[in-house]
Amino acid sequence: MSTLWVIIIAIIALIAGVALGFFIARRYMMNYLKKNPPINEQMLRTLMMQMGQKPSQKKINQMMRAMNNQQQQK
């Protein structure tokens, strides 16, 4: 009977640890991506030049603002 309780407690602890680890890792990645966005102005400027557009600073600022607004709505 005692061995059964040890096994049950070990399984419950394992499940709780996996769930807790998942949520901690998720929160860490969300904060990391918020502080370090994947696309910056230089990358956007390079992308627009590759598409054959001459990027003005106004257009880049507008696109960055739109991307930040979209990120905040999620």
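Counting in UniProt numbering, the sequence shown runs from 1 upward without gaps. Positions of the beta carbon are idealized from the N, C-alpha and C atoms, including for glycine.
**OP:** Thinking M64 and L44 are a contact (beta carbons under 8 angstroms), I'd like their distance in whole angstroms, please.
**Re:** About 7 angstroms; that satisfies the 8 angstroms criterion.
Subject >> Euclidean distance between Cα positions of G21 and K54 >> reply: 46 angstroms
Subject >> Delimiting residues of the alpha helix (DSSP H) encompassing residue 106 >> reply: The chain is shown only over 1 to 74; residue 106 falls outside these bounds and no answer can be derived.
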